[in-house]
Amino acid sequence: MTTLLTILTVLSSFLTNLENKTLQSDFTITITEEVNAPMNYPGQIILHGDQFRLEMMTIEAAYDGKTMYMYSSETDELTLSNPTETELLEANPFLYAKALVDVCNITEKKSQDGTQTIITLTPKDQSIGINRFTLHVRNADLMPLKAEIKEGKKTSSLKLKEPKFVTTQNEYVLKPGKNTYVNDMRL
Numbered sequence: 055m056t057t058l059l060t061i062l063t064v065l066s067s068f069l070t071n072l073e074n075k076t077l078q079s080d081f082t083i084t085i086t087e088e089v090n091a092p093m094n095y096p097g098q099i100i101l102h103g104d105q106f107r108l109e110m111m112t113i114e115a116a117y118d119g120k121t122m123y124m125y126s127s128e129t130d131e132l133t134l135s136n137p138t139e140t141e142l143l144e145a146n147p148f149l150y151a152k153a154l155v156d157v158c159n160i161t162e163k164k165s166q167d168g169t170q171t172i173i174t175l176t177p178k179d180q181s182i183g184i185n186r187f188t189l190h191v192r193n194a195d196l197m198p199l200k201a202e203i204k205e206g207k208k209t210s211s212l213k214l215k216e217p218k219f220v221t222t223q224n225e226y227v228l229k230p231g232k233n234t235y236v237n238d239m240r241l
């Protein structure tokens, strides 16, 4: 019982941090499948609660709590939409972890050097579509360092590089340029 309370305390404290603080980090997403070589995608993210701003390759994305903004520099197009809960969970792995808590068995272990807690969420019902979600959290400040989702033969890994909590005000809106085509799909 004590272990379960510790797990929920670490996980709850981590999720509370993300609700109350602004996380900023460079990152690399790595997609690995058994038959293909790993693909790496570098980017940057600023995240506060469910709001975020993301840059990856030629795409910028932002969510202000109501509207999703997706900008492609290749086409100079800004798409505005009201995302579904599923779309938000796919865009933000930390929201996904929060959503999994009620439908998963949760285990935790300390890293070998004791500086991290490794939290593993395993679905009680495998029809959810994933095998497991693993989250590495630095113990000293509850900073997320890595999130990994295993789905069948595919593994998606998000590794944060020098993450930090910042106090600066951030805008979670993308504004179109003078000649940017705006595709407004909001209802």
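Per the numbering used here, the sequence shown runs over residues 55 to 241.
Every residue, glycine too, gets a C-beta built ideally from N, C-alpha and C.
Beta-carbon to beta-carbon, residue 132 and residue 228 are separated by about 6 Å, close enough to satisfy the 8 Å threshold. For residue 215, the closest alpha carbon among the candidates 240, 175, 201 is that of 201.
Sequence-distant partners of residue 186 (beyond 5 residues in either direction) whose C-beta falls short of 7 Å from its own C-beta, in its chain, are 174, 175, 176, 204. Looking at 188, 121, 127, 128, the one whose alpha-carbon comes closest to that of residue 170 is 188. DSSP places residue 188 in the uninterrupted beta strand (DSSP E) bounded by 186 to 192. Collapsing the DSSP output to three states places residue 235 in a strand. Our two residues, residue 165 and residue 191, have alpha carbons roughly 10 Å apart in a direct line. Our two residues, residue 87 and residue 114, have alpha carbons roughly 26 Å apart in a direct line.
Within the same chain, Cβ atoms closer than 7 Å to the Cβ of residue 112 are found at 126, 127, 128, the five residues on either side in sequence being excluded. According to the DSSP assignment, residue 144 belongs to no beta strand (DSSP E) but to the alpha helix (DSSP H) extending over 139 to 145. By DSSP's assignment, residue 201 forms a beta bridge with 189, 212. Counting C-beta pairs closer than 8 Å gives fewer than three between the region 115 to 124 and the region 68 to 77, which falls short of the contact rule. Between residue 168 and residue 193, the C-beta spacing is below 9 Å.
Going by DSSP, residue 97 is part of the beta strand (DSSP E) stretching over 90 to 102.
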